[in-house]
Each structure stands twice: as C-alpha cells, then as structure tokens.
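Undergrad:
Number of protein chains: 2
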Amino acid sequence: MSTTTIKAYGAKSKTADLTPLDIERRAVGKDDIKIDITYCGVCHSDIHTVRNDWGGSSYPVVPGHEIIGHVTEVGADVKNFSVGDVVGVGCMVDSCQTCSSCQKDLEQFCENGATFTYNSPNKHIEGTQTYGGYSTSVVVDQKFVLSVPKNLDEAAAAPLLCAGITTWSPLSHWNVKKGDKVGVIGLGGLGHMGVKFANALGAHVVMITTSPEKGKDAKALGAHEVLVSKNDDEMEAHQGSFDFILNTIPVGHNMDPYINLLKVDATMVLVGAVEPMDGFHGGGLIMGRKHVAGSLIGGIKETQEMLDFCGEHDITSDIELIDMQDINTAYERVTNSDVKYRFVIDMKSLKS
Amino acid sequence: MSTTTIKAYGAKSKTADLTPLDIERRAVGKDDIKIDITYCGVCHSDIHTVRNDWGGSSYPVVPGHEIIGHVTEVGADVKNFSVGDVVGVGCMVDSCQTCSSCQKDLEQFCENGATFTYNSPNKHIEGTQTYGGYSTSVVVDQKFVLSVPKNLDEAAAAPLLCAGITTWSPLSHWNVKKGDKVGVIGLGGLGHMGVKFANALGAHVVMITTSPEKGKDAKALGAHEVLVSKNDDEMEAHQGSFDFILNTIPVGHNMDPYINLLKVDATMVLVGAVEPMDGFHGGGLIMGRKHVAGSLIGGIKETQEMLDFCGEHDITSDIELIDMQDINTAYERVTNSDVKYRFVIDMKSLKS
C-alpha cells in the first residue's frame, strides 16, 4: 500500500525533547477520511506517553489526540462527511466493532483492544505504531471521525476531544441533572471542563480545590461555590451533601476526605489518577452505601453527543495557543500546572 | 417509667470476659412489642464492640443483634403482631423516621442517627445505652420488629438478622439476577450467606478464597466454582468476567486483584472491612468504568423482604448452637475463624 510522508513532531526516546520528524500516513481507503490538521491540543497523557510513565511506549512517539482539522479527501464508502467539513479525532482511531463493549458504544473498553490515536500498533502500516496529531495530516476510519459544530472556535474545540469527553462522559453516564450538587476536584485541563459542563447541565457546581486563589477563576468558569479542601471546617460543613463528585486529581491521593462529602448512594468518579492511590477507610464507603468509580474518555457516540451539546451551549476549552516549535516549553509548563487550561498547537506553524 | 430487671451477659470493660449481669428493660409502650428471646446469633461486630475496636463503646456492653424470639406482649397501637408470633430483631431498634434516608427505607443511614440494638443511647431509660440480645427479653418498637416465616428453624434463622441482610442487601440493590456471574470473596458468616443467596437468585456463583480447602464446603453451600485468589493463573483466567463481587473480607486488604476480575461497568461491594484498606491502582477503576462501593446491613423493609425470600427458598444460616456460658470461648473461635459459620446462643441456657 502506498503511503505519504508528512511532517510531524515526536520524541525519539523517553528522555528526548520533541523534534521534527517525518512519518508515513496510509493512502485513503474506502472507509477512510483524510484530515488536514489545523489544531491539536496538548494533553497530560501526551507527556506521560513521551516519558513512558505508563510503560509500553514505542519510539518515536508522535503524541496528540485532541485533533481538529478539515476533510481533504474521503473514501468511496464514506457517508456523512465531505471535503471541507470541520472534524475532530480524539483518543481512538479504531476498534474491533464486534465485542460487547463496542456493541454498547464503549469502544474505549474494546475487548480486543482499541487502536489509540498514538502509540498503538498500526494495522495499516506494518511494523509501525499509530502517530497522533502533532502532525500535518491524518487518515482515519470514518467511524472514528467526529463532526464539529460550526459555531465553535476550532482551536478552542480541540481539547473537547479528550479533556471534554473525559469529563462529559461521567457527568452524562451518572445522569447529573438540574439541581444536583456536584463537586469538581481540581482545576486543570479536565477540571475546568468539568465545571463548564456541570454548570451547563444545571447542577449546583462546587469547585473543590487545595488552592483558595483558584476560587475566582473557578467562579468565572461556572462554579457556584468554592470549597477549600485544606479547610477542615469547610469540609465538615459540606459533609454528606454531594450528589456526585468528579475527581480530576492527576496523581495518587487520599480519597477519605472526599468520600466523606458524598451523600448516601452517591458516587465519586476518578478520571485523572491512573496511578497508585493511597489507602482509604472501608467504613467511608460502607456507612452510606457510597461508590467510587473510574471513567475513561468516552465512546464515539457519546463524544459526538458531547460535541453537539457544546455546539448548543457554546462550550469550548479555555486555551493558550502555541506554535509546534514551543512544545517542549509547553510540556514543562503543563508539568508545573502552569496553563489556563490547555495548550493547543496551531498546526500552521508546522506547515510553514 | 417503670422498668423490669432481666438477666443478660455483657462485658464490663474492653478487656473483660463476658459475665452475667442484670439489665433493665422498659415497660411496653403503645407501639412496643415485648419479645422473649429464644436465640441470638454471635456476630463479629459484637466482638469489635466489646473490645472497643471501633471506639465509642460504653460499658457494660451487652451485645447481640441477631435476635429471634416470641412475642409475649404488644402495646395498644401495635398492628401486624400478636402474642406468640415468632419474630426477629436485627441491628436497629429505632430511627427518626423523618429524614430522607428513613423516608427511603434506609434507616441504617438515618441522618439523625439510627438507634442500634446495642451500644446506642437509650432514649427510653435515661443515662443508659441500648442492650442487645444476649439477654432473656427485649422491648422494641413495632416498626423494627420483623416477622419470621414459620417454616424456618428458629435458631438457624437468627443470623439472617445481620449476616443475612448484610449480604442480601447488596445482592438485591445491585440487582443480581439469573445468569450473572457473581463472586463471593471470603467464606465466613457473611460469605456463606452470600453464596446461598446468590445461588438462590440464579447466579453463577464463584467462591473466591485464599484457601483451596474451603472449596468443597463452598460448593456444598451453593457455589458453582471455586477461584483460589492466590493462584495467579486462575485469577488471570477469570479477569474481566464478573458481573458483581460481594467482598466479605473483614480486614483491610489490597483490592487490585479483585477489581481486575470485574467486567466493564461492574461493581464490587465491601461489606466486611470497616477498616483501613490498602492503596489500590486508580487505573483499575478507570480502565473499565468499574465501581467499588460499600453496603451496611439493610433497611427494615428490605430485611423483611429477605426473610420472606428465605421462607420461600428455605434458606437459613449454617450454625453451631452454644450455651450463653460458652460465649467467651466462642469469641476466641470467631476471632480465629473457627466456626461454620455462625454461633447461635440458645437462650434457654441463660434462663435456667
């Protein structure tokens, strides 16, 4: 099969900076869509994969799974998309489509292993892995291409493809609704989307943070209240009062103070800490039939629903636009939580 | 208010053996039922409270919350019960009846604090706490008295009031049904009831145990399969295959191997470990949208449903009957997990 060489940015080892490199993209098959990438968000997972924090990274790693672009070519069997459409690609580019998870629109839990947008085996180009959106173009099966509402700013829509769906999916799956008291722990790339979504769903949104100084920003994003988790009196006053808590803390931590905030039968969902967690007290769950769960991005159908909701409610991410050449500095700043709230790469910079 | 002095067994300090003592029972009020206690189960919680393991014990502690007896007197407003009825009393004898938990038949989570059968403040006899079923009789509000199906053996029915409802409630609440693959971790007082209930509900029941020698007993109780949790190959073979896991381990432990057994969207419920748990890996919940929850006994309505189910399916506990005077030896044996599967005190021994 013929391939096309394109420009990309990637890391050649876990200690290397990201540098320009050339990668191959497959020719457009009958179910494929070729996308000229205009913007790509910078997700903390990109950094984890570059650094091999989770193991299993193959080099070069070309990260990027918050992809926005324009359709430049469609395969013979492609429906619903035409040249010129503004589209998105998130964390997955393929899955088996036959297992029980895929049948339930939960491709992220494909029992045969979803093909992730980067660092998964590439079924189409033997001996290589998938390369992500830090590149000028990508070819993706139509089932994994999302339609981006026209009213959304393209650059600011990019983070919806990962940070957006990661926070939308639990809020939607656990049926957060008008009047619910919803806590969002942590105000970063994920948390700031969680606040926007929970607000748009009509919930009473409480930003739960260690940093009182984040309160003003959280309120500007849609939080109705700020709860400083280091303040024991405040935590005590809120105990047993939350219908749902979205926990975006990206590192291992002690869940006990947060479990204590939940109502009877309520759930806290972890979306950030793909990490060893601290011990917790079993009694915290037992006394009140409380739940702790996890959630991973979302399925393709749900991602489209999220984008449509964003279109209706004019929701995008708060971003800082950078050039591709600034990526290594951006990684340092993400690692230091120094971004409000998501870097997005303007892919013009790679093409010029 | 006049009281009656009756015989009981209790501990005068956290290090003391249980010894005979006299306690007061209130006179029968208009909503009260007086019960002549025939049998009382021995629950691990009794020992924890005697030893003050959870803090907050007031002495003397008279334990016992798996009470079976005969109605000997009813108050003027008592409906549904008559002298001579075989009845049960479980872990609670009162609650506020007005909070949102009570309104939802979840008296165990009463926001104003349920009155537990022992070691709760006694509203009726100032300055004392409630005394449990290690005694000859008890006076209980009709709302907290359960009807025991006539076909059940009275002694063997006693543990249903705590071990029974503790395992029934999560199986019922999480809607375990025919064909589900259900794991029960731990084969003790709780676990053996979990196996019986899950089997009767039509589930494919897997006993998960560290002890291969428990396999035969588990199968006799209704398990269809035995999974030895120390066997990595067996654990690997079962990964991602369970619809529900009932975790009866009574001490803190590492949940990771069990979380790994759950299907996408499935739940493991802790019922035993009112204890600090080990750390776990957040990724275990995130990869598969898995849930860990807790469950505490059950509400009164649910307890009656459980007893009715037991009547229909002829389910009771496997017990070893003891005299009241054997209680200290029994405590040692419970602590050493040396009982199949529940001690029940024949209260004739205290009356003679």
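Chains A and B, in that order, give the protein sequences. With positions in the first sequence counted from 1, the corresponding number in the working numbering is that position plus 1286. With positions in the second sequence counted from 1, the corresponding number in the working numbering is that position plus 1286. C-beta atoms are modelled at their ideal positions from N, C-alpha and C, and glycine is treated no differently.
Going along chain A in order, which residues have a C-beta closer than 9 Å to the C-beta of residue 1380 (chain B)?
TA: The sequence position of residue 1380 (chain B) within the second sequence is 94, counting from 1. Result: empty, since nearest Cβ-Cβ is about 18 Å, beyond 9 Å.
Undergrad: For residue 1553 (chain B) versus residue 1460 (chain B), is the C-beta spacing smaller than 7 Å?
TA: Translated into the one-based positions of the second sequence, residue 1553 (chain B) becomes position 267. Translated into the one-based positions of the second sequence, residue 1460 (chain B) becomes position 174. Contact flag set, yes.
Undergrad: Taking the C-alpha atoms as reference points, what is the distance between residue 1297 (chain B) and residue 1593 (chain B)?
TA: As a first step, residue 1297 (chain B) must be located in the second sequence, where it is residue number 11. As a first step, residue 1593 (chain B) must be located in the second sequence, where it is residue number 307. Rounded to whole angstroms, residue 1297 (chain B) to residue 1593 (chain B) spans 30 Å at the Cα level.
Undergrad: What number of angstroms, rounded off, separates the C-alpha of residue 1405 (chain A) from the C-alpha of residue 1312 (chain A)?
TA: As a working note, residue 1405 (chain A) is residue 119 in the first sequence. As a working note, residue 1312 (chain A) is residue 26 in the first sequence. Between the C-alpha atoms of residue 1405 (chain A) and residue 1312 (chain A) there is a straight-line separation of about 16 Å.
Undergrad: Look at the alpha carbon of residue 1329 (chain B) and the alpha carbon of residue 1458 (chain B), and state the distance between them as a whole number of angstroms.
TA: Numbered from 1 along the second sequence, position 43 holds the residue referred to as residue 1329 (chain B). Numbered from 1 along the second sequence, position 172 holds the residue referred to as residue 1458 (chain B). The straight-line gap from Cα to Cα measures roughly 22 Å.
Undergrad: So, at 7 Å on beta carbons, what are the nonlocal neighbours of residue 1635 (chain B) in its own chain, with the 5 sequence-adjacent residues on each side left out?
TA: Stepping through the second sequence from its first residue, residue 1635 (chain B) is reached at position 349. Around residue 1635 (chain B): 1609, 1610, 1611.
Undergrad: Keeping to the same chain, check which residues put their C-beta closer than 7 Å to that of residue 1291 (chain B); ignore five residues upstream and five downstream.
TA: Locating residue 1291 (chain B) in the second sequence gives position 5, counting from the first residue. Here the set comprises 1308, 1310.
Undergrad: When the Cβ atoms of the region 1298-1306 of chain A are set against those of the region 1399-1415 of chain A, are three or more pairs found closer than 8 Å?
TA: no
Undergrad: In whole angstroms, what is the alpha-carbon distance linking residue 1508 (chain B) and residue 1525 (chain B)?
TA: To locate residue 1508 (chain B), count along the second sequence from 1; it is residue 222. To locate residue 1525 (chain B), count along the second sequence from 1; it is residue 239. Their backbone Cα atoms lie some 22 Å apart in a straight line.
Undergrad: Per DSSP, residue 1662 (chain B) is paired with what?
TA: The displayed coordinates of chain B run from 1287 to 1638. Any statement about residue 1662 (chain B) would go beyond what the structure contains.
Undergrad: Going along chain B, which residues have a C-beta under 7 Å from residue 1387 (chain A)?
TA: On the first sequence, residue 1387 (chain A) is found 101 positions in, with the first residue counted as 1. The contacting residues are 1550.
Undergrad: Does residue 1575 (chain A) have its Cβ less than 7 Å from a Cβ in chain B?
TA: Locating residue 1575 (chain A) in the first sequence gives position 289, where the first residue counts as 1. By this cut-off, residue 1575 (chain A) is an interface position.
Undergrad: Mind checking who residue 1533 (chain B) pairs with in its DSSP beta bridge?
TA: Numbered from its first residue, the second sequence carries residue 1533 (chain B) at position 247. Answer is B:1471, B:1556.
Undergrad: What is the DSSP secondary structure of residue 1595 (chain B), reduced to helix, strand or coil?
TA: The sequence position of residue 1595 (chain B) within the second sequence is 309, counting from 1. Note: residue 1595 (chain B) maps to helix in three-state DSSP.
Undergrad: For residue 1566 (chain B), collect the residues of the same chain with a Cβ closer than 6 Å to its Cβ; drop the 5 residues on either side in sequence, then sort them by chain order.
TA: Start at 1 with the first residue of the second sequence, and residue 1566 (chain B) comes out as number 280. So the qualifying residues of the chain are 1541, 1542.
Undergrad: CB-CB under 6 Å to residue 1322 (chain B), same chain, minus the five flanking residues each way: which ones, in chain order?
TA: Counted from its first residue, the second sequence places residue 1322 (chain B) at position 36. Contacts found: 1355, 1356, 1358, 1423.
Undergrad: With residue 1496 (chain B) and residue 1515 (chain B) assumed to form a contact (beta carbons below 8 Å), what rounded beta-carbon distance in angstroms separates them?
TA: Along the second sequence, read from residue 1 onward, the residue named residue 1496 (chain B) stands at position 210. Along the second sequence, read from residue 1 onward, the residue named residue 1515 (chain B) stands at position 229. Their Cβ separation, rounded to whole angstroms, is 5 Å, which keeps residue 1496 (chain B) and residue 1515 (chain B) in contact under 8 Å.
Undergrad: Any idea which residues DSSP pairs residue 1292 (chain B) with across the strands?
TA: If you number the second sequence from 1, residue 1292 (chain B) lands on position 6. DSSP lists B:1309 as partners of residue 1292 (chain B).
Undergrad: Run down chain B in chain order and give the residues with a C-beta less than 7 Å from the C-beta of residue 1565 (chain A).
TA: By 1-based counting over the first sequence, the position of residue 1565 (chain A) is 279. Residues of chain B passing the Cβ test: 1562, 1563, 1564, 1565.
Undergrad: Nearest to residue 1453 (chain B) by alpha carbon, out of B:1374, B:1580, B:1537?
TA: Along the second sequence, one-based indexing puts residue 1453 (chain B) at 167. Out of B:1374, B:1580, B:1537, B:1580 has the C-alpha closest to the C-alpha of residue 1453 (chain B).
Undergrad: Between which two residues does the alpha helix (DSSP H) carrying residue 1335 (chain B) extend?
TA: By 1-based counting over the second sequence, the position of residue 1335 (chain B) is 49. Note, residue 1335 (chain B): alpha helix (DSSP H), 1330-1336.
Undergrad: Expressed to the nearest angstrom, what Euclidean distance is found between the alpha-carbon atoms of residue 1571 (chain A) and residue 1550 (chain A)?
TA: Residue 1571 (chain A) sits at position 285 when you count from the first residue of the first sequence. Residue 1550 (chain A) sits at position 264 when you count from the first residue of the first sequence. So the alpha carbons of these two residues sit roughly 9 Å apart.
Undergrad: Would residue 1327 (chain B) and residue 1445 (chain B) qualify as a contact pair, given that the criterion is a beta-carbon distance under 7 Å?
TA: Stepping through the second sequence from its first residue, residue 1327 (chain B) is reached at position 41. Stepping through the second sequence from its first residue, residue 1445 (chain B) is reached at position 159. It is a contact, given that the beta carbons lie within the stated cut-off.
Undergrad: With residue 1321 (chain A) as the anchor, note down where its beta strand (DSSP E) starts and where it stops.
TA: Within the first sequence, numbered from 1, the residue matching residue 1321 (chain A) stands at position 35. Element bounds for residue 1321 (chain A): 1318-1327.
Undergrad: For the pair the region 1333-1342 of chain B and the region 1385-1398 of chain B, tell me if three or more CB-CB distances fall below 8 Å.
TA: no
Undergrad: I'd like the list of long-range same chain contacts for residue 1596 (chain B), defined as Cβ closer than 8 Å, with 5 residues on each side in sequence excluded.
TA: Locating residue 1596 (chain B) in the second sequence gives position 310, where the first residue counts as 1. The residues are 1435, 1438, 1443, 1446, 1450, 1602.
Undergrad: Does the CB of residue 1556 (chain B) have a neighbour CB from chain A at under 7 Å?
TA: Numbered from 1 along the second sequence, position 270 holds the residue referred to as residue 1556 (chain B). So yes, residue 1556 (chain B) belongs to the interface.
Undergrad: For the region 1566-1610 of chain B, list the alpha helix (DSSP H) runs that are entirely contained and at least 4 residues long, ordered along the chain.
TA: The region 1566-1610 of chain B contains these whole alpha helix (DSSP H) runs: 1568-1572, 1586-1599.
Undergrad: So if DSSP puts residue 1444 (chain A) in a beta bridge, which residue, or which two residues, is it bridged to?
TA: Position 158 of the first sequence, counting from 1, holds the residue named residue 1444 (chain A). DSSP lists no partner for residue 1444 (chain A).
Undergrad: Under DSSP, the alpha helix (DSSP H) around residue 1620 (chain B) begins and ends at which residues?
TA: Sequence index remark: in the second sequence, residue 1620 (chain B) carries index 334 (1-based). Where residue 1620 (chain B) is concerned, the enclosing alpha helix (DSSP H) stretches over 1613-1621.
Undergrad: From residue 1421 (chain A) to residue 1379 (chain A), what does the alpha carbon distance come to, in whole angstroms?
TA: If you number the first sequence from 1, residue 1421 (chain A) lands on position 135. If you number the first sequence from 1, residue 1379 (chain A) lands on position 93. Spanning the two alpha carbons is a distance of roughly 15 Å.
Undergrad: According to the neighbour-count rule (16 or more other Cβ atoms, all chains shown, within 10 Å of its Cβ), is residue 1416 (chain B) buried or exposed?
TA: Mapped onto the second sequence, residue 1416 (chain B) falls at position 130. It counts as buried.
Undergrad: Are the beta-carbon atoms of residue 1320 (chain B) and residue 1425 (chain B) separated by less than 7 Å?
TA: Indexing the second sequence from 1 puts residue 1320 (chain B) at position 34. Indexing the second sequence from 1 puts residue 1425 (chain B) at position 139. Against a cut-off of 7 Å, the Cβ pair of residue 1425 (chain B) and residue 1320 (chain B) comes out as a contact.
Undergrad: Taking just the CA atoms, how far does residue 1630 (chain A) sit from residue 1294 (chain A)?
TA: In the first sequence, the residue the question calls residue 1294 (chain A) occupies position 8. In the first sequence, the residue the question calls residue 1630 (chain A) occupies position 344. Taking the straight line from one Cα to the other gives about 15 Å.
Undergrad: Buried or exposed: where does residue 1498 (chain B) fall if 16 or more other Cβ atoms within 10 Å of its Cβ makes it buried?
TA: Position 212 of the second sequence holds residue 1498 (chain B). When all chains shown are included, residue 1498 (chain B) counts as exposed.
Undergrad: Counting only C-beta atoms, is residue 1343 (chain B) closer than 7 Å to chain A at any point?
TA: Translated into positions along the second sequence, residue 1343 (chain B) becomes position 57. Contacts with chain A at 7 Å (Cβ-Cβ) do not include residue 1343 (chain B).
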